[in-house]
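Residue numbers (our numbering): 53 to 228.
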């Protein structure tokens, strides 16, 4: 990706994930409501998958959380908080998202903007990936975040939680 493109990194690294996480909290609320109204075993959702080789719903949520907090922290050059991945219930997963939202809200535009060329290294089990800040955000973090939000939505919808596209998109505060 060209470094000459001018974007508001803060809007993409913090404001957009805040919106996605808020929407995901609302989806979890609908999932909790559905479980309470129908008597569905909540583990049907928390252990739900779209395919046998996919990660379960609980991991989709933890990856959303880890990706959102990791992206902002890496771009700002601050330590990424470690969450233990012990959530097993819908309310616990909801609380994790709220904790992640609280962390994201600590960042300022000044901490993030200007990090377009900051070197970012991702240590994966089998290799290391090296990015500039902007390439990391646009080509790795944001697509990863969106993928896992969509999969969490799709698992819930597949399992009968009454969700539609507008639930995924949420409200549009700037729309008139």
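The C-beta atom is built at its ideal place from N, Cα and C for all residues, glycine as well.
query	result
Per DSSP, what kind of secondary structure is residue 59 in: helix, strand or coil?	coil
Is residue 162 a contact residue of the ligand FAD, with contact defined as CB to any heavy atom under 7 Å?	Absence of the ligand FAD is noted for the structure shown, with no ligands found whatsoever.
My understanding is that residue 108 touches residue 100, with C-beta atoms under 8 Å, so please give their C-beta distance in whole angstroms.	6 Å
Kindly give me the distance between the Cβ atoms of residue 76 and residue 219, rounded to whole angstroms, as I take these residues to be in contact under 8 Å.	Actually they do not touch by this definition, with Cβ atoms about 10 Å apart.
In terms of residue numbering, what span does the beta strand (DSSP E) encompassing residue 172 cover?	171-175
Only counting the same chain, and skipping five residues up and downstream in sequence, which positions put a Cβ closer than 6 Å to that of residue 84?	142
Span of the alpha helix (DSSP H) holding residue 150?	142-156
Is the region 104-122 in contact with the region 176-188, if contact means three or more CB pairs nearer than 8 Å?	no
Does DSSP put residue 178 in a helix, a strand or coil?	coil
Along the chain, where does the alpha helix (DSSP H) that runs through residue 204 open and close?	194-210
Tell me whether residue 224 is buried or exposed, calling it buried when 16 or more other Cβ atoms sit within 10 Å of its Cβ.	exposed
Going by C-alpha to C-alpha distance, which of 112, 118, 202, 182 sits closest to residue 135?	118
Beta carbon of residue 202, beta carbon of residue 124: below 8 Å?	no
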